[in-house]
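Chemist: Just so we're aligned, residue 207 is where the sequence shown starts under this note's numbering, counting upward by one. Quick reminder that beta carbons are idealized off the backbone N, C-alpha and C, glycines included. Note that the structure is a prediction, hence the values are computed from the model and not measured. Okay, here's the structure, questions in a sec.
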Amino acid sequence: MRFEGQSVVVTGAASGLGRAVSQRLSSEGARVFGVDLNEAGLAETKEIVTAAGGTMSFGIADISDRMSAHGVVANAMDEFGQLNVLVNCAGVLRAGRVTDFTEADYDLVFNVNVRGTFWMCQAAIPHILDSRGNIVNVASNAGLMGQAFTAVYASSKAAVVNLTRSLAMEYVKEKVRINAVAPGGIQTPMAQSSEFPEDIDWELIKPYMGYRNMSKPEEIAAVIAFVASPEARAMHGSIVSADCGLTAG
């Protein structure tokens, strides 16, 4: 198994993609430490993982807070003694007209998507260096192209893209890998809870819907598992599109 004996931290592990990644990596031998604010969701993910024969612990943390992010990584180290892979799945999506966004909307999206990813990377990197491991950030096809009515989310994911590339260059001489996966639409609670205004111009949305169905969480988890695995050792600073062809043309 590709992750036998490895310890992995997964943010956003209480549901959706984070849960699917926790399941996938644990099925391949990883010991998973899940991170989220949703304790009940984390407990449910752990139950699913352990019922399938995997190993999982978890910590409650607000990753947008530096001390909280560093603290939960320290807890993972106390639990497992090493950190081989960090997968930053935690994210928030808000859709709407740019003129309708409140300061609270903006702050929520950037606090989780950008600050949270940054602080988790900062906390994990010393341990990733020790283990010669890797980081996989979850970006989005929205971070690679302009999309109507997702200005805040899209710009936050563009920040994740360049954060990933910048970290990769900062550590290009070290024996670590730092990459990102950029999905399109995924069938998750996050996507389902973000509603577009009823009277928007849907002609502006159609180009971003793609010709295929939304991906299932386990399909994107499989891509993340590959990027995090030793088989992807040639990848560093890569942004892997997994959007069913949406950004191909």
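#1: At which residue ranges does the region 208-248 contain complete beta strand (DSSP E) runs of 3 or more residues, listed in the order of the chain?
#2: Measuring only the C-alpha atoms, how far is A282 from G260?
#3: Considering only C-alpha positions, which residue in the set P436, L292, Y312 and F264 is nearest to R300?
#4: Can you tell me where the alpha helix (DSSP H) with S372 in it begins and where it stops?
#5: Which residues does DSSP list as the beta-bridge partners of S263?
#6: If we ignore side chains and look at the alpha-carbon of each, how far apart do I406 and E380 end up?
#7: Is the beta carbon of V382 sitting closer than 8 Å to the one on V446?
#8: List the endpoints of the continuous beta strand (DSSP E) containing N385.
#9: On the CB-based measure, 16 or more other CB atoms within 10 Å of its CB, does S228 come out buried or exposed?
#10: Bridge partners of I445, per DSSP?
#11: Would you decide whether D336 is buried or exposed? Buried here means 16 or more other CB atoms lie within 10 Å of its CB.
#12: Whole angstroms is fine: what's the gap from V361's alpha carbon to A296's?
#13: Give the C-beta separation of E424 and R230 to the nearest angstrom, bearing in mind that I take them to be a contact with Cβ-Cβ under 8 Å.
#14: Output needed for R439: all residues of its chain with C-beta closer than 8 Å, excluding positions within five of it in sequence on either side, in chain order.
#15: For G211, which residues of its own chain have a beta-carbon under 8 Å away from its beta-carbon, when the five flanking residues on both sides are left out?
#16: I need the boundaries of the beta strand (DSSP E) containing N281, first residue and last residue.
#17: With L292 as the anchor, note down where its beta strand (DSSP E) starts and where it stops.
#18: Taking three-plus beta-carbon pairs below 8 Å as touching, is the region 323-341 in contact with the region 273-282?
#19: V214 and V320: beta carbons closer than 8 Å?
#20: Taking all protein chains shown into account, decide if D306 is buried (16 or more other Cβ within 10 angstroms of its Cβ) or exposed.
#21: Once you ignore the five residues that flank S274 on each side, which residues in its own chain have a CB closer than 6 Å to its CB?
#22: Following the continuous alpha helix (DSSP H) through I331, name the residue where it begins and the one where it ends.
#23: Helix, strand or coil: which one does DSSP assign to I341?
#24: With a 10 Å radius around its C-beta and 16 neighbouring C-beta atoms as the bar for buried, classify A431 as buried or exposed.
#25: Between S263 and V318, is the Cβ-Cβ spacing less than 8 Å?
#26: Among residues of its own chain, excluding the 5 on either side of A348, which ones have a beta-carbon nearer than 7 Å to its beta-carbon?
Modeler: Put simply:
#1: The beta strand (DSSP E) runs lying completely inside the region 208-248 and spanning 3 residues or more are 213-217 and 237-242, given in chain order.
#2: Taking the straight line from one Cα to the other gives about 16 Å.
#3: Considering only P436, L292, Y312 and F264, the residue with the shortest C-alpha distance to R300 is Y312.
#4: Where S372 is concerned, the enclosing alpha helix (DSSP H) stretches over A357 to E376.
#5: Its beta-bridge partners are F239.
#6: Rounded to the nearest angstrom, the two C-alpha atoms are 48 Å apart.
#7: V446 is positioned such that its CB atom lies no closer than 8 Å to that of V382.
#8: R383 to P389 is the extent of the beta strand (DSSP E) around N385.
#9: Buried, by the Cβ-count rule.
#10: Within the DSSP bridge table, the entry for I445 names A386 as partners.
#11: It is exposed - the Cβ of D336 has fewer than 16 other Cβ atoms within 10 Å.
#12: Correcting the residue type first, residue 361 is Ser in the shown sequence and not Val. Computed Cα separation, rounded: 16 Å.
#13: Yes, they are in contact, since the Cβ atoms of E424 and R230 sit about 7 Å apart, within 8 Å.
#14: Listed in chain order, the non-local C-beta contacts of R439 below 8 Å within the same chain comprise R383, local neighbours out to five positions each way being set aside.
#15: Spatial neighbours of G211 in its own chain (CB-CB distance under 8 Å, excluding positions within 5 residues in sequence) are listed in chain order as G235.
#16: From DSSP, N281 is part of no beta strand (DSSP E) but of the alpha helix (DSSP H) over R272 to F286.
#17: Start and end: V291 to N294.
#18: With the rule of 3 Cβ pairs closer than 8 Å, the region 323-341 counts as touching the region 273-282.
#19: For the pair V214 and V320, the CB atoms are not nearer than the 8 Å cut-off.
#20: Its Cβ having fewer than 16 others within 10 Å, D306 is exposed.
#21: Excluding sequence neighbours, S274 sits near A267 and D268.
#22: Note, I331: alpha helix (DSSP H), T323 to S337.
#23: Here I341 sits in strand by DSSP.
#24: Counting Cβ neighbours within 10 Å, A431 comes out buried, since at least 16 surround it.
#25: Result no, Cβ atoms of S263 and V318 do not sit closer than 8 Å.
#26: Here the set comprises T356, Y359, A360 and K363.
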